[in-house]
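Heads up: the sequence lines are chains A and B, in that order.
Sequential numbering of the first sequence, starting at 809, is according to this note's numbering.
Sequential numbering of the second sequence, starting at 31, is according to this note's numbering.
Notes follow once the structure below has been shown.
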Amino acid sequence: MQRVNLGEFEELVLLMVAILNGNAYGISVMEEIENQTERKINISAVHSALDRLESKGFLKSEVGGATTERGGRRKRFFRVTVAGSNTLNFIREQRNKLHEQIPGFDLGLNPYVSI
Amino acid sequence: MLEIIEGDAYELFYKRIKTESVRSAKRKFWWDILRFFRLKYIKGLEDINSLNNIAMFKNYFKISVRSLLRQKFFSIINITGLSLGLAACLLIVLYISNELSYDNYHKDVNQIYRVANGQAGNWTPARLGIQSKMDFPEIEEFVRLSGPYDQTFKVGNQLFKESRGFSADSSFHRLFTVQFLEGNPDQALNAPNSIVLTNTLAKKFFPNESAYGQVVQVNGNSIKITGVVADPPKNTHFRFSFIESYPNEDWATIGNWTGNNFFTYVKLVKGASKEAVEEKYLDFAAKYVGPEMVKYSGHSSYEEYLKDGGTARAFTLKPMKDLHLYYPHMALGSSGNINNVYVFSAVAFFILIIACVNFMNLSTARSSARSKEVGMRKVLGSLRKQLIYQFLVESMLISLSALILAVLFASLSLNFFNQLANREFTISDLLALDTMIKLLVLVLVVGLLAGSYPAFYLSGFQPIKALKGEVKSAGGNAFLRKGLVAFQFAISIFLVLCTLVVFNQLQFIGKQELGLNPAQVLVIKNTDKLGEKLGAFKNQISQNPNVSSVVVTNQYLSGGISNYGYRTMEENVRANDFINLFSSDEFLETVGVQLLEGRFFSNELASDSASIVINEKAKAWLGYDEVIGKRLSRGDGEDYTIVGVVKDFNFSSLKSEIEPFIFRRMGKDGRIQGSWKAANYVLVRVIGDYQSTVKQIEGAWKNQVADEPFDFVFLEDSFHQLYEEDRRFGTLFTASSGLAIAIACLGLFALAAFTLERRLKEIAVRKVLGASVQSLTMLVLSDFTKLVFIGAILAIPVGYWVMNGWLASFAYQINLNNPLLFLAPVLLVAIIAWLTVGFQSMKTALGNPIKALRSE
Numbered sequence: 809m810q811r812v813n814l815g816e817f818e819e820l821v822l823l824m825v826a827i828l829n830g831n832a833y834g835i836s837v838m839e840e841i842e843n844q845t846e847r848k849i850n851i852s853a854v855h856s857a858l859d860r861l862e863s864k865g866f867l868k869s870e871v872g873g874a875t876t877e878r879g880g881r882r883k884r885f886f887r888v889t890v891a892g893s894n895t896l897n898f899i900r901e902q903r904n905k906l907h908e909q910i911p912g913f914d915l916g917l918n919p920y921v922s923i
Numbered sequence: 031m032l033e034i035i036e037g038d039a040y041e042l043f044y045k046r047i048k049t050e051s052v053r054s055a056k057r058k059f060w061w062d063i064l065r066f067f068r069l070k071y072i073k074g075l076e077d078i079n080s081l082n083n084i085a086m087f088k089n090y091f092k093i094s095v096r097s098l099l100r101q102k103f104f105s106i107i108n109i110t111g112l113s114l115g116l117a118a119c120l121l122i123v124l125y126i127s128n129e130l131s132y133d134n135y136h137k138d139v140n141q142i143y144r145v146a147n148g149q150a151g152n153w154t155p156a157r158l159g160i161q162s163k164m165d166f167p168e169i170e171e172f173v174r175l176s177g178p179y180d181q182t183f184k185v186g187n188q189l190f191k192e193s194r195g196f197s198a199d200s201s202f203h204r205l206f207t208v209q210f211l212e213g214n215p216d217q218a219l220n221a222p223n224s225i226v227l228t229n230t231l232a233k234k235f236f237p238n239e240s241a242y243g244q245v246v247q248v249n250g251n252s253i254k255i256t257g258v259v260a261d262p263p264k265n266t267h268f269r270f271s272f273i274e275s276y277p278n279e280d281w282a283t284i285g286n287w288t289g290n291n292f293f294t295y296v297k298l299v300k301g302a303s304k305e306a307v308e309e310k311y312l313d314f315a316a317k318y319v320g321p322e323m324v325k326y327s328g329h330s331s332y333e334e335y336l337k338d339g340g341t342a343r344a345f346t347l348k349p350m351k352d353l354h355l356y357y358p359h360m361a362l363g364s365s366g367n368i369n370n371v372y373v374f375s376a377v378a379f380f381i382l383i384i385a386c387v388n389f390m391n392l393s394t395a396r397s398s399a400r401s402k403e404v405g406m407r408k409v410l411g412s413l414r415k416q417l418i419y420q421f422l423v424e425s426m427l428i429s430l431s432a433l434i435l436a437v438l439f440a441s442l443s444l445n446f447f448n449q450l451a452n453r454e455f456t457i458s459d460l461l462a463l464d465t466m467i468k469l470l471v472l473v474l475v476v477g478l479l480a481g482s483y484p485a486f487y488l489s490g491f492q493p494i495k496a497l498k499g500e501v502k503s504a505g506g507n508a509f510l511r512k513g514l515v516a517f518q519f520a521i522s523i524f525l526v527l528c529t530l531v532v533f534n535q536l537q538f539i540g541k542q543e544l545g546l547n548p549a550q551v552l553v554i555k556n557t558d559k560l561g562e563k564l565g566a567f568k569n570q571i572s573q574n575p576n577v578s579s580v581v582v583t584n585q586y587l588s589g590g591i592s593n594y595g596y597r598t599m600e601e602n603v604r605a606n607d608f609i610n611l612f613s614s615d616e617f618l619e620t621v622g623v624q625l626l627e628g629r630f631f632s633n634e635l636a637s638d639s640a641s642i643v644i645n646e647k648a649k650a651w652l653g654y655d656e657v658i659g660k661r662l663s664r665g666d667g668e669d670y671t672i673v674g675v676v677k678d679f680n681f682s683s684l685k686s687e688i689e690p691f692i693f694r695r696m697g698k699d700g701r702i703q704g705s706w707k708a709a710n711y712v713l714v715r716v717i718g719d720y721q722s723t724v725k726q727i728e729g730a731w732k733n734q735v736a737d738e739p740f741d742f743v744f745l746e747d748s749f750h751q752l753y754e755e756d757r758r759f760g761t762l763f764t765a766s767s768g769l770a771i772a773i774a775c776l777g778l779f780a781l782a783a784f785t786l787e788r789r790l791k792e793i794a795v796r797k798v799l800g801a802s803v804q805s806l807t808m809l810v811l812s813d814f815t816k817l818v819f820i821g822a823i824l825a826i827p828v829g830y831w832v833m834n835g836w837l838a839s840f841a842y843q844i845n846l847n848n849p850l851l852f853l854a855p856v857l858l859v860a861i862i863a864w865l866t867v868g869f870q871s872m873k874t875a876l877g878n879p880i881k882a883l884r885s886e
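Structural data, given as structure tokens:
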């Protein structure tokens with residue numbers, strides 16, 4: 809893999825979709841981000857990130873069944889594609905590789921920090 | 031909005047309600063919705079990016095530019111022709127929208143009406159407004175105006191002669207929209223001797239200080255400036271530079287019902303109908319005007335007067351915004367005319383059509399050359415729709431380029447157009463967003479119309495045939511093209527014909543016997559300002575060796591003379607309005623009018639104070655064999671004896687017939703009856719050198735009056751002025767016919783070039799077989815000549831009809847049944863067409879046939 813075309817926020821969203829494992833749609837992704845990182849974000853930002861990821865081929869989506877909680881309007885669930893999970897892995901490996909090369913005493917003692 | 035997005039927004043909202051207040055949840059909900067506004071989230075537009083239109087249009091654009099550049103000659107002619115037409119249209123659109131915008135800036139303009147005396151009488155009685163307001167609940171407010179007049183102001187030691195002055199009631203600002211910069215609008219015109227100035231005038235009088243509250247001198251009176259208002263816009267029928275209050279004298283406050291001295295404007299309450307008020311005015315007139323009128327008519331009551339066949343008095347309402355265009359004689363200083371709007375529109379339309387025809391012709395003419403391209407595109411899978419787009423983009427490109435050139439042309443010719451239209455447009459008016467939008471719409475329509483024929487026609491080709499070169503026979507195509515060219519010729523011939531008739535008529539009028547000799551007559555204005563010094567002034571200039579005679583009058587020839595009612599003193603009284611001029615006894619020799627019978631009255635003879643002199647028309651109306659000694663009455667005991675008859679003379683424009691005319695005596699000192707002075711004008715016949723004499727007379731004037739500038743006009747110029755509008759008409763036709771011919775020639779030139787190119791082989795074969803250059807040239811020429819004649823057949827009847835209508839406005843007309851008037855334009859257009867086509871056909875015919883035949 810040569811160059812991964814993934815922004816910081818996109819990566820975050822992609823990770824959340826992976827975490828949510830089949831239950832990822834606009835709001836659940838937003839809430840997950842808010843809970844895990846304490847960032848305040850707008851729902852429309854999540855949607856555009858999801859759309860972008862889908863057009864890049866990292867996500868696929870399907871429209872779920874109607875539920876009563878939102879006035880019968882359907883949800884669009886996202887899943888990570890093979891390309892998406894490859895990319896996540898690649899980024900992770902690359903990061904780890906780079907982290908390991910930082911010289912110092914506390915090598916490997918710091919927990920992995922998500923940015 | 032998409033269902034999924036909508037769902038998310040709602041879900042968030044419901045969740046928030048649980049934790050936050052409803053209000054903040056709602057606020058956040060709206061914020062989310064706003065943030066969601068992206069093109070792809072809107073229902074129905076989900077696929078916006080998947081359509082390839084934009085890329086395709088980029089391609090159309092590129093192809094269009096290439097095809098225009100490949101055919102530079104055609105493109106240049108096309109764009110130039112169209113831009114000339116558009117430039118003319120742009121100017122005319124500017125003119126028309128300006129004309130239609132008159133007075134629209136007034137608040138509630140639709141409720142404001144001008145009261146006309148009878149059907150269209152300008153002047154109304156003094157008490158009409160106030161009485162109407164008292165009697166009719168429909169009338170909310172009224173204002174009386176007089177003007178426009180010129181007035182001389184003395185500010186400190188400086189004299190200013192200012193025009194466009196009006197007098198008005200204090201309710202002025204409640205009808206008209208005026209913006210007071212200084213002063214209280216409600217109190218500005220309450221007291222006599224108050225004046226409101228426009229900002230420009232205030233700055234002129236008092237450049238360094240505020241004009242408000244200052245005092246200026248007018249005719250020896252002190253007048254206080256009680257307000258300064260913003261200059262009124264140019265597009266008003268009533269463009270004032272100052273407004274004075276009315277004095278509290280009885281002529282202004284009471285007046286009488288038969289004396290019409292004011293313009294009255296009324297504002298109706300919202301929803302009131304003009305017809306209802308007009309209906310009520312019938313009884314109103316009977317109640318107030320009737321009784322006073324019968325005093326003069328000699329009937330015992332108004333009813334009897336009506337029974338006797340008298341016309342009922344009435345007042346009608348004219349919407350204020352119609353005054354400029356539909357009732358120009360009632361407009362206070364603006365010179366509009368709905369006919370001008372029609373004529374200008376027609377001219378613009380014609381020129382645009384000629385330009386469009388060029389456009390269409392050239393596009394269709396090139397169609398066969400492009401048929402291969404169309405065939406190839408179709409073979410490669412182009413849809414018909416896409417081809418149509420391709421051609422429309424191309425024609426839009428041409429018309430948009432023409433638009434840019436057109437704005438340039440229009441800016442360059444703005445000054446000339448201002449003269450033509452008698453308006454003061456500036457470049458910024460021209461480039462105003464409003465005008466530009468109109469022009470853009472026009473251009474798009476032209477592009478679409480002119481482009482649609484080739485677009486639909488070309489895109490319909492069958493690819494196989496198109497590629498084989500068998501374009502669907504050019505028959506229908508050529509017929510249309512020829513028809514369009516013939517139509518262009520028709521318009522050109524029509525415009526040339528109009529030009530010719532207008533100029534002939536103007537020349538004819540210039541040569542008409544007027545019955546008087548206006549050359550060398552000087553009219554000195556405002557001589558009433560001389561007052562008692564008139565006699566001295568008159569003596570002084572009479573002694574000048576370069577002056578042959580001097581006459582004092584109350585009005586002057588060519589300047590509009592009022593009429594007075596007179597009636598005969600016989601058993602069956604007949605009444606008529608006569609043009610009535612007060613004059614001293616030197617009139618005939620000064621103005622050069624011939625005496626036919628009797629004598630002119632004399633200043634010396636005391637008994638001549640009731641003597642009158644009439645013209646031939648008046649004599650004819652009276653119908654007496656022996657008219658000298660007969661008497662006419664003005665009613666209420668004023669009787670006049672006819673002492674002489676003069677030959678008919680034109681005292682106004684030759685558009686009107688000579689009317690019955692009466693001279694009344696004015697004393698040497700300018701008094702006409704008792705103490706009333708009316709010596710407004712002094713006419714001087716000059717026999718020597720003009721310029722030095724005028725200087726000497728001006729010197730004499732300055733000796734007598736200090737605070738009034740010397741103002742004069744030459745009678746001949748003043749008569750000349752009467753046909754200003756018609757000369758403008760002539761210039762308009764010259765310019766437009768020139769433009770039309772130029773555009774048509776451009777088109778013809780390109781078309782001829784194209785036709786010759788296509789017939790190159792035919793001509794070469796003919797030449798090889800022995801045809802002469804001459805016969806070959808004639809071959810091509812005869813084609814186009816036929817078209818000129820078809821055009822002539824169309825144009826001549828229309829031209830005859832239109833010009834007959836125009837001539838009807840003149841009492842003295844040229845004979846329109848002169849074949850030369852019609853042959854000359856046809857010949858002119860034919861010659862121009864021959865020159866345009868002939869040159870090229872000669873060139874082709876002279877060319878070496880080998881060159882044409884060699885390549886296959």
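C-beta atoms are modelled at their ideal positions from N, C-alpha and C, and glycine is treated no differently.
If you pair each beta-carbon of the segment 862–871 of chain B with each one of the segment 807–815 of chain B, do three or more pairs fall below 8 angstroms? yes
If we require 3 or more residues per run, which beta strand (DSSP E) segments fall completely within the segment 534–609 of chain B? 551–554, 577–583, 593–598
Identity of the residues DSSP links to residue 756 of chain B by a beta bridge: In the DSSP output, where bridge partners are listed per residue, residue 756 of chain B has none listed.
Using beta-carbon positions only, say whether residue 219 of chain B and residue 258 of chain B come within less than 8 angstroms of one another. no
Chain B contacts made by the segment 863–889 of chain A, where a contact means CB separation under 8 angstroms: 871, 877, 878, 879, 881, 882, 883, 884
Locate the beta strand (DSSP E) running through residue 347 of chain B, then write down its first and last residues. 345–349
Which residues in the same chain as residue 746 of chain B place their Cβ atom closer than 6 angstroms to its Cβ, once the five residues preceding and following it in sequence are excluded? 548, 549
Taking the alpha-carbon positions, what's the residue 391 of chain B to residue 518 of chain B distance? 11 angstroms
If we ignore side chains and look at the alpha-carbon of each, how far apart do residue 684 of chain B and residue 691 of chain B end up? 15 angstroms
Put residue 292 of chain B into one of helix, strand or coil per three-state DSSP. strand
Which partner residues of residue 669 of chain B appear in the DSSP bridge assignment? B:663
How big is the Cα-Cα spacing for residue 892 of chain B and residue 854 of chain B? Given a span of 31 to 886 for chain B in the structure shown, any question on residue 892 of chain B remains unanswerable.
Does any residue of chain B bring its CB to less than 8 angstroms from the CB of residue 892 of chain A? no
Decide yes or no for the touch test of the segment 853–868 of chain A against the segment 880–892 of chain A: beta carbon pairs closer than 8 angstroms, at least 3 of them. yes
List the residues of chain A whose Cβ lies closer than 8 angstroms to the Cβ of residue 46 of chain B, in chain order. Those within 8 angstroms of residue 46 of chain B in chain A number zero; the least Cβ separation is about 11 angstroms.
Beta-carbon proximity list for residue 804 of chain B, same chain, < 7 angstroms, skipping 5 on both sides: none
Listed by chain order, chain A residues near residue 50 of chain B by CB distance under 7 angstroms: Correct list: empty, because the minimum Cβ distance to chain A is about 14 angstroms.
Can you confirm whether residue 841 of chain A, when its beta carbon is compared against all beta carbons of chain B, has any partner nearer than 8 angstroms? no
At the 8 angstroms Cβ level, is residue 66 of chain B part of the contact set with chain A, yes or no? yes
Can you list, in chain order, the residues of its chain whose CB lies under 8 angstroms from that of residue 465 of chain B, leaving out five sequence neighbours each side? 120, 123, 124, 127, 459
Examine chain A for any beta-carbon lying closer than 8 angstroms to the beta-carbon of residue 504 of chain B, and answer yes or no. Note on residue 504 of chain B: pLDDT 49, under 50, position unreliable in the model; the coordinate value appears next. Cβ-Cβ to chain A under 8 angstroms: no for residue 504 of chain B.
Distance CB(residue 872 of chain A)-CB(residue 822 of chain A) smaller than 8 angstroms: no
Can you look up residue 45 of chain B in the DSSP assignment and give me helix, strand or coil? helix
With DSSP run on the structure shown, which of helix, strand or coil describes residue 413 of chain B? coil
For the pair the segment 737–755 of chain B and the segment 182–192 of chain B, tell me if three or more CB-CB distances fall below 8 angstroms. yes
When every heavy atom of the ligand COA is checked, does at least one fall within less than 7 angstroms of the C-beta of residue 140 of chain B? The ligand COA is absent from the structure shown, which contains no ligand whatsoever.
C-beta neighbour in chain A for residue 84 of chain B, strict 8 angstroms: no
Identify whether residue 629 of chain B lies in helix, strand or coil by the three-state DSSP scheme. coil
Could you give the uninterrupted runs of the beta strand (DSSP E) lying entirely in the segment 698–736 of chain B, keeping only those of 3 residues or more? 701–703, 711–716
Within chain B, partners of residue 834 of chain A - CB distance below 7 angstroms: 38
Close-in-space but distant-in-sequence residues of the same chain around residue 505 of chain B (CB under 6 angstroms, 5 per side omitted): Because residue 505 of chain B sits at a pLDDT of 49, beneath the cut-off of 50, its placement in the model cannot be relied upon, and the following sentence gives the value as read from the coordinates. Result list for residue 505 of chain B: empty, nothing under 6 angstroms.
Checking contacts by CB at 8 angstroms: is residue 138 of chain B closer than that to chain A? no
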